[in-house]
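Each remark here refers to the structure printed beneath this line.
There are 2 protein chains.
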Amino acid sequence: DILAAIADHFTHGSGPCPLEGRTVIVTSGPTREPIDPVRYISNASSGRQGTAIAEALASQGAIVKFVTGPAEFSKPRGCEIIPVETALEMEAAVTAALPADAAIFAAAVADWRIAQPADAKLKKDGSGTAPALDFIANPDILASVAHLPAGERPALVIGFAAETGNLETHARNKLARKGCDWLLANDVSPGSGVFGGADTRILFLDGTVTDDWG
Amino acid sequence: DILAAIADHFTHGSGPCPLEGRTVIVTSGPTREPIDPVRYISNASSGRQGTAIAEALASQGAIVKFVTGPAEFSKPRGCEIIPVETALEMEAAVTAALPADAAIFAAAVADWRIAQPADAKLKKDGSGTAPALDFIANPDILASVAHLPAGERPALVIGFAAETGNLETHARNKLARKGCDWLLANDVSPGSGVFGGADTRILFLDGTVTDDWG
C-alpha cells in the first residue's frame, strides 16, 4: 500500500520507525469556496483517505503536518492539524508548512472559486432568475509544489485523482501534467460509493508503471 | 422560548407532557444541490437549532418527524430521523410526513439548484473558463405547506429566516410572503458567528408582534 511504498522510498529498510524524523505534509478533505456569507461550493470528500494516510505516517515516526478542509474525518492522531476552508487558504498553509521531505495531496481542492463572494446573503429578487456567479480558477497546489526548484521541492510529491471514467487515461495525463512523482487514482463514479465511503478502488502510477491496488 | 410558545399554543396548560400525542415535522440542516457526482452547493447550517428544537419537542411528548439535510447535528434523541440531501428530496419527505399538528422549517434550504447536474465529474478543459452553471429555483417548502387548504395545513406553521442585515424588515416581509404563523429570524452576519455557532440572536414575529429573544 501507499505507506509501505513511501517507507520503502525513503529507507529501503524497515525497522520499527522507518520514517523517523521525516517531515510530511498531507492535505485532506474538501475545500469550501464561499458564494456569500452562508452559501458555498464544496464536494463530498470525507477526508477518510487523507486521515488514514496521515495517521499511518505518524505511527511510523514521521512528523506530519495535516492541512485539512472541513471534513467528517479531519483529526488524525499524532499529527499537527492545520484547518483551512478555501483553496487559497490551503495553498498558504502548504507554503507555510514547507520545507518537507514529502508532500501528499489527498485533498479534493475546488478547481474554481467565486470571483467576488457577496458580503451579504444573496436574496431572491422575485425575478425567478438566480444571481449570476463568476468563477475564476483556483491555484493548482499540487503542480506548484511539484514544480518547485530542487532544494525547495519535497523529494517525494504524491497526487491523487478522483475520476468518474477512463481512470487510467485521466490519471496518466494528470501525472504528466502535474509533475508529481506518484499519482493515486480513485474511481468515484456514482455507483462506486467511494466519496464518503470506506472502500475504494485505486490505481498507483509513477513515471513508468501502473499498479491496480484494487 | 420557542418550545414554551408551542406548548402554550396547543395546550394553554402545562403538565409533564403538554405535547403528548401531537405530531410535529421539523426540518433542519442545509440541503446539498449537486453540480456533478462529486461537487455540490450547500450552506453552513450546522443543524444545531433544529436538533435542539426537535429534542425539546420530543421530550415533551410530541411525535417528531425530523427531516434533515447532511449536517453536523442531525440526530435528535427521541425523533424519527428522515435524512435527505436535496431540496426536492426534502419537499418529498415533508409531504410524505403530513398530516401534522405543527411544522417547523428550521432547515436552510437552497434557493436554487443546478438545472442539469452532470453525470460525470466536470473537468477543466484547459481554457481557464469555468463550466457554465444554469440554475433553477427550488420549491418553497415553507410557503407550500403554509398555503395548504384548511384540513391539510398543520395548525401551526413556523418559519425561520437567516439574514445578514435589516433583520426585522426582512423577517416581517418574509412572514407575510410565506403565509406562516410565526417566523423566527436569526442574524447570520459574518461577525455574528451564528451559522455553525452555539449562540444566536433571534427575533420572534407573529402577525402582530415582534419580540427580541436576544
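Here the protein sequences line up with chains A and B, keeping their order.
Heads up, the first sequence is in my numbering, so the first residue is 161 and it goes up one at a time.
Heads up, the second sequence is in my numbering, so the first residue is 161 and it goes up one at a time.
The C-beta atom is built at its ideal place from N, Cα and C for all residues, glycine as well.
| Asked | Found |
| --- | --- |
| Selection of the segment 302–326 of chain B by Cβ proximity to chain C, strictly under 9 Å | The structure shown contains no chain C; its protein chains are A and B. |
| Where Pro-217(B) falls: helix, strand or coil (DSSP) | Here residue 217(B) turns out to be Leu, not Pro, going by the sequence shown. Three-state DSSP puts Leu-217(B) in a helix. |
| Residue-chain proximity (Arg-208(B), chain A), Cβ-Cβ < 8 Å | no |
| Gly-319(B), DSSP secondary structure in three states | strand |
| Assumed close pair Ile-213(A), Thr-228(A) - CB separation to whole angstroms, cut-off 8 Å | About 12 Å; that fails the 8 Å criterion. |
| Own chain, CB closer than 6 Å to Ala-263(B), minus 5 neighbours either side, in chain order | Ile-185, Val-305, Pro-314 and Val-317 |
| Proximity test, Cβ basis, 8 Å: Ser-188(B) and chain A | no |
| Cutoff 8 Å: Lys-225(B) Cβ touching any chain A Cβ | no |
| Distance CB(Ala-270(B))-CB(Thr-191(B)) smaller than 8 Å | yes |
| Identity of the residue in Arg-337(B), Glu-328(B) and Phe-320(B) nearest Ile-162(B) by Cα | Phe-320(B) |
| Completely contained alpha helix (DSSP H) runs for the segment 162–192 of chain B, where each covers 4 or more residues | 162–171 |
| Spatial distance of Asp-196(A) from Leu-327(A) (CA atoms) | 35 Å |
| Below-8 Å beta-carbon distance, Lys-338(B) vs any chain A residue | no |
| 3-residue-minimum beta strand (DSSP E) runs that sit fully inside the segment 320–344 of chain A, ordered along the chain | none |
| Start-end ranges of the beta strand (DSSP E) lying completely within the segment 242–294 of chain A, minimum 3 residues | 262–265 and 272–274 |
| Residue range of the unbroken beta strand (DSSP E) whose run includes Val-224(B) | 223–228 |
| Chain-ordered neighbours of Arg-199(A) on chain B, where CB pairs are closer than 7 Å | Ile-201 and Asn-203 |
| Simplified DSSP assignment, three categories, for Arg-313(A) | coil |
| Contacts around Thr-324(A), its chain only, beta-carbon distance under 7 Å, and the 5 residues preceding and following it disregarded | Val-348 and Ser-349 |
| Beta-ladder partner(s) of Ala-297(B), from DSSP | Trp-272(B) |
| Contact the segment 275–282 of chain B vs the segment 294–312 of chain B: 3+ CB pairs below 8 Å | yes |
| Chain A contact for Asp-271(B) (CB, 8 Å cutoff) | yes |
| Closest residue to Gly-207(A) among Glu-232(A), Gly-221(A), Lys-283(A) and Asp-168(A) (Cα-Cα distance) | Glu-232(A) |
| Assigned exposure category for Arg-237(B) - 16 Cβ within 10 Å defines buried | exposed |
| Among Asn-298(A), Glu-312(A) and Phe-265(A), nearest to Leu-335(A) - alpha-carbon criterion | Phe-265(A) |
| Neighbour flag for Leu-293(B) against chain A, beta carbons, 8 Å | yes |
| Rounded C-alpha distance that separates Leu-343(B) from Glu-251(A) | 42 Å |
| Min CB distance Ala-280(B) to chain A below 8 Å | yes |
| Simplified DSSP state of Leu-308(A), which is helix, strand or coil | coil |
| Whether Ala-156(B) touches Gln-220(B) by CB criterion (8 Å) | In the structure displayed, chain B extends from 161 to 374; residue 156(B) sits before or after that span and is not available. |
| Close beta carbons around Ala-216(A), own chain, < 6 Å, minus the five adjacent residues each side | Leu-163 |
| Partner residues on chain A for Lys-284(B), Cβ-Cβ distance less than 8 Å | Asp-271 and Ala-297 |
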